[in-house]
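Here the sequence shown is numbered in the numbering used here, starting from 7 and rising by one per residue. See structure below.
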Amino acid sequence: MTPPIVSIVAKSGTGKTTLLEKLISEMKRRGFRVGAIKHDAHSFSIDHEGKDSWRLTQAGADTMLITSPAKIAMVRQNGDSEPVLDETVATYCRDVDIVLTEGFKRSSMPKIEVHRRERSATLLCRGERHDPTLFAVASDEPLKLDVPVFDINDAAGLCDLIDKRFLS
């Protein structure tokens, strides 16, 4: 069985990573096993030119793993298409209680949107378009919406909502 997925979405520079760090820390403090997936719309590389892992990937390895007693990392070539988020979670995150993602704003996964007044007057999920998967907003200003609005620093309150909605 795959774990529930909650996507943290926002416009660039709004604070998605900062909120995600707080949510992960709070969920771990509560004893949950947490997976995290970061969406990158561009090409990225975790390999560094000249390193053995980079050399193996450059040689044509379709999947290249680095293992140690502490962790494992994988570089897998996708070809021309990004894998579906559900499939990625089912393949790599079966051993966690919940997966928190950063990005995936166009997915059908439940979403929490991060809002900062100085970044934008409008929301992605309530404004430019109406996304029915939005279930909460973390904001630095009070907003009147059809979903709960939390202070942008209230990780505990957001985790209470996530726990009640997806884990209890």
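Glycine included, C-beta positions come from ideal geometry on N, C-alpha and C.
Sequence-distant residues of the same chain with beta carbon closer than 7 Å to residue i, five excluded per side
i: Leu29; result: Leu106, Ala161, Leu164, Cys165
i: Thr23; result: Glu108
i: Ser113; result: Ser13, Leu91
Supposed close pair residue i, residue j - CB separation, criterion 8 Å
i: His121; j: Thr20; result: 7 Å
i: Cys99; j: Gly41; result: 4 Å
Where residue i falls, given that 16 or more other Cβ within 10 Å makes a residue buried
i: Val52; result: Checking the sequence, you will find Ile at residue 52 rather than Val. So Ile52 ends up on the exposed side.
i: Leu149; result: exposed
i: Thr128; result: exposed
i: Ile78; result: exposed
i: Glu134; result: exposed
i: Lys111; result: buried
i: Met33; result: buried
i: Thr63; result: buried
Residue i vs residue j beta-carbon contact at 8 Å
i: Leu25; j: Ile43; result: no
i: Leu140; j: Glu108; result: no
i: Asp92; j: Arg82; result: no
i: Leu130; j: Ala16; result: yes
i: Val95; j: Pro154; result: no
Sequence-distant residues of the same chain with beta carbon closer than 6 Å to residue i, five excluded per side
i: Arg39; result: Val102, Asp103
i: Ile72; result: Ser59, Ala79
i: Glu27; result: none
Sequence-distant residues of its chain with Cβ nearer than 8 Å to residue i (five each side left out)
i: Ile158; result: Gly21, Leu25, Val120, His121, Arg122, Ala144, Ser145, Asp146
i: Val12; result: Ile104, Val105, Leu106, Thr107, Met115, Pro116, Lys117, Ile118, Ile168, Phe172
i: Gly85; result: none
i: Ser126; result: Lys17, Thr20
Going residue by residue through the stretch 18 to 67, where are the continuous beta strand (DSSP E) segments of at least 3 residues, counting only ones entirely within it?
40 to 44
Which runs of the beta strand (DSSP E) spanning at least 3 residues fall entirely within the stretch 73 to 99, listed in chain order?
Listed in chain order, they are 78 to 82.
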